[in-house]
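Structure record follows, encoded as structure tokens.
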Amino acid sequence: MSFVSFWVYSQNTPSQTYADFLSATARLQFQNDSENVTGEISFDVQITSTTDSLFVDAKSLKEHEVFLNGNLVKSDYNGERILLHSRFRESDTINLRIKFTSEPKKAMYFIDATGDGSWNQIWTQGQGKYTSNWLPSIDDMNDKMLWNLQITAPDHLTSLSNGVLTQKKELDNVIQWNYSMDQPMSSYLVAIVIGEYDSYKLFSETGVPIELYYYKGEKNKALATYKKTKEIFDFLEREIGYPYPWQVYRQVPVKDFLYSGMENTGLTVYSDSFFNDEIGSNDRSYVTVNAHEMAHQWFGNLVTETESQHHWLHEGFATYFSMLAEQYLYGDNHFLNLLYTKAENLVEQSRTGKSTELLNPGSSSLTFYDHGAWALHALKVKVGDKAFKTIIRHYLTTNAYDNVTTFDFLEKVTEITGLDLLDFRERWLLNKSFPAKEALQILRSYPEMEEFFQLKARSISNFNESFTSFKEVANERDNIPALIEMIQQLTLHDDIRKYDLIKKVSNYDLLEVNRAIVLSTQQINDYNRSVIQTLIDEPSYVTRESAMFLLWQDTKNKKELLLDLKSRWDTLSPELNMSWLVLALSTPEFTNAEKQLYLSLLRDYTDSKHSMITRQAAFDYLIQLDIMSEENYRDLIASCFHHVWRFYKTSREHLRTGFKTETGREIIKNLMTEMSDTDQLKVERVLSQ
Ligand SMILES: [Zn+2]
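Here my numbering is used: the first residue of the sequence shown is 875, the next is one more, and so on.
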């Protein structure tokens, strides 16, 4: 495809070409006992060519009134858009104000964490183009405007939005929070979070305020979760070479989030499954999500795709810059391993015929994120580090606060390097499958990788053939991916010399390596017992859980072991605690009274106050052991209609499994008699799937 036709192909057609929405000022009220949004939004609109009508996207409106330049006017509403008929003259600036009540079905979520029937947390998810589900606005990403949001909510809660907090007013039982921005953005990036939070503040090297939010009383988790935030921020500013484009940066965890994180402008919202204490953060690190969403503040928020065909300009770039941040934090071997793993997944996707070209708007996340990141890396290898940095800086400077296509980016590359890029485009952007050969060539150009590939090739050799290279790898404390690969390969061999290798590398005191050792151990024997015993106190709940299970299987004094572990560990993750309870229930030496207590503690984990991961693990255990109580089934049925797809899908599978057991069937049928006809029908539908 030639350059010119490529450009025509990606031209953008905004949905409302005759009007430019300049600014939006919203005033919104939230009440504890309601899941409605009440308020008004006022737009200043520049008419760019004379027209007879204007529209505003608005879904789920219960009621609304429209004012044009202060006067109440008639409008049409079709459930999707408010349509306004009038004579709008070119170059006029008008004010459009909409008073409304909306009842959002999606994009805004009211979370009832305590199960008392009223929400205690609200968060929004605007991508893609969903903000109009709760707030009348312009869905089109190409109409960027200045946003000012005022939120009024109960006074025990903190309300957050995009931009700087200009005023916080305490009124009767409520607080009014006023946020304002000084640069424009697309409406999918508008966000609101309301909840019980505390926060602390840092400043970047360049003086940007970074506000870090956490659930009240959980400062220890905040310090662990946000440990790398400032380092990543400073790194990205330096690496990207364009100053952070917004006035403030906030990060806030929310409950039952749809994804890992979302890069709302200046306000990253992320799943609280990444909000963990020091040990939990070792198992489930926030670093990748942290860096990814932060990189979007430039790639996606400052320069925004015109349409989803160019989605890699968001996701590929954010993924690549987060990989670079991880390289900065954890070293070259870690970075190369990321490249390698992503290539492996992409090759697998190609093999199964699910690959698409990177510029196909229907591409998978894997393609947009990881193929996109790889394309950038290939480009960087091609043009060199220095030119790459110049390209990025110029690309952002030229298109700041505007919309972009792939062409805009490639144009910069050509401008700065003089390369025509025909080859690059064919291979990385328009190729239907992942260019595995080129990727392998790039990987092989790193000496560290060559050794890793040699080790990989060993996986089919016998132990004697591999022993020398195993010994070499075991000497390299710094090459964590190679050490882990070796540990995994050792599981295929019976030779007892492998235990010396394992012992040796376990002495390096590397968290990931020690976790791999425990996870790859099937059973304890006289050669590995001492290693597993020393790893029981590792600062990793995952390692502790597996080591506990291995030692429990191995020992005759099971009760003693469990009580000893419980007393020496200061903190347990919910998952580790559940695992402990399940083992205790299977330990004959505990009394019936003790077991009754443990069972009730285990059953408590299905309560909606816990995270989805915890609840899911609890259902796994309880269903498997067939010890679900009526309360557990009540929680499970509620989970079947949760807003997160992954969670309701597995919950529905659990419900069907439970229904096949005698007690399960009886409890479910009993619970259904208490339900409304509609709810009964919904449950029946799940059971019959
Ligand atoms: Zn992203």
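Just so you know, even glycine gets a beta-carbon here, dropped at the ideal spot from N, CA and C.
Query                                                                                                                                                                    : Result
Fully enclosed by the segment 966-1022, which beta strand (DSSP E) runs are 3 residues long or longer?                                                                   : 967-976, 982-985, 995-998
Suppose the cutoff is 7 angstroms on Cβ atoms and the five residues either side in sequence are ignored; what does the same chain contact list for Gln1201 look like?    : His1208, Phe1209
What is the DSSP secondary structure of Asn906, reduced to helix, strand or coil?                                                                                        : coil
For Gly1037, which residues of its own chain have a beta-carbon under 6 angstroms away from its beta-carbon, when the five flanking residues on both sides are left out? : Tyr1053, Ser1054, Met1055
Only counting the same chain, and skipping five residues up and downstream in sequence, which positions put a Cβ closer than 7 angstroms to that of Val878?              : Reliability fails at Val878, whose pLDDT of 32 lies under 50, so the model's placement of it is uncertain and the value that follows must be treated cautiously. Nothing listed; no residue qualifies.
Note down, in chain order, each residue of its chain lying with its Cβ closer than 7 angstroms to the Cβ of Glu1176, except the 5 sequence neighbours on either side.    : Contrary to the premise, residue 1176 reads as Leu rather than Glu in this sequence. Cβ within range, chain order: Pro1119, Leu1270, Ala1274, Tyr1275.
Between the beta-carbon of Phe962 and the beta-carbon of Thr988, is there less than 8 angstroms?                                                                         : no
Considering only C-alpha positions, which residue in the set Leu1496, Thr1531, Tyr1087 is nearest to Ser1474?                                                            : Leu1496
Is the segment 1290-1298 touching the segment 1239-1259, taking contact as three or more C-beta pairs under 8 angstroms?                                                 : yes
Taking 8 angstroms as the threshold (C-beta atoms), are Tyr1243 and Glu1189 in contact?                                                                                  : yes
From which residue to which residue does the alpha helix (DSSP H) around Ile1358 run?                                                                                    : 1354-1364
Under 7 angstroms from any heavy atom of ligand 1, does the C-beta of His1170 make it?                                                                                   : yes
Measuring only the C-alpha atoms, how far is Tyr1089 from Glu1167?                                                                                                       : 20 angstroms
Buried or exposed, going by whether 16 or more other CB atoms sit within 10 Å of the CB of Ser1507?                                                                      : Here the sequence assigns Tyr to residue 1507, which means Ser is not the residue at that position. So Tyr1507 ends up on the buried side.
Report the rounded CA-to-CA distance for Ala1096 versus Asn1349, giving the unit in angstroms.                                                                           : 36 angstroms
Pairing CB atoms from the segment 919-939 with CB atoms from the segment 1041-1052, are three or more of them under 8 angstroms?                                         : no
What's the C-alpha gap between Glu1536 and Asp907?                                                                                                                       : 39 angstroms
With 16 as the cutoff for other CB atoms within 10 Å, does Gln1362 come out buried or exposed?                                                                           : exposed
Which same chain residues end up closer than 7 angstroms to Asn1156 when comparing Cβ atoms and leaving out the 5 residues on each side of it in sequence?               : Leu1385, Pro1413, Ser1414
Would you call the segment 1007-1020 and the segment 1038-1045 touching, i.e. three or more CB-CB distances under 8 angstroms?                                           : no
Going along the chain, which unbroken runs of the beta strand (DSSP E) with 3 or more residues stay wholly within the segment 1261-1293?                                 : 1276-1278
Could you check if Asp1017 is buried or exposed, using at least 16 other CB atoms within 10 Å of its CB as the buried criterion?                                         : buried
Which residue spans inside the segment 1088-1128 form an unbroken alpha helix (DSSP H) run of at least 4?                                                                : 1093-1099, 1103-1114
I want to check one thing, is the minimum distance from the CB of His1528 to the heavy atoms of ligand 1 below 7 angstroms?                                              : no
Beta-carbon within less than 6 angstroms of Glu1105's beta-carbon, same chain only, minus the 5 sequence neighbours each way: which residues are those?                  : none
How would you write the range of the alpha helix (DSSP H) that His938 sits in, first residue to last?                                                                    : His938 -> not in any alpha helix (DSSP H); beta strand (DSSP E) instead, spanning 935-942.
So Leu1329 packs on Met1360, CB below 8 angstroms; how close in whole Å?                                                                                                 : 7 angstroms
State the Cα-Cα distance for the pair Leu1425 and Tyr1472, rounded to the nearest angstrom.                                                                              : 20 angstroms
Quick one: what's got a C-beta closer than 7 angstroms to Thr1193's C-beta in the same chain, skipping five residues either side?                                        : His1166, Tyr1243, Asp1244, Gly1246, Ala1247
Taking the C-alpha atoms as reference points, what is the distance between Thr1524 and Phe895?                                                                           : 43 angstroms
Got a sec, what are the start and stop residues for the alpha helix (DSSP H) Lys1433 sits in?                                                                            : 1432-1442
Taking DSSP as the reference, what is the three-state secondary structure of Asp931?                                                                                     : strand
From the DSSP output, in three-state form, read off Ser1155 for me.                                                                                                      : helix
Considering just the uninterrupted stretch of the alpha helix (DSSP H) at Ser1319, what are its terminal residues?                                                       : Unbroken run through Ser1319: none, as it is neither H nor E.
In the DSSP assignment, find the beta strand (DSSP E) that holds Thr1395 and state where it starts and stops.                                                            : First-last for Thr1395: undefined, no H or E at that position.
Just reading off the beta strand (DSSP E) that Phe1464 is part of, what are its end residues?                                                                            : From DSSP, Phe1464 is part of no beta strand (DSSP E); its letter is neither H nor E.
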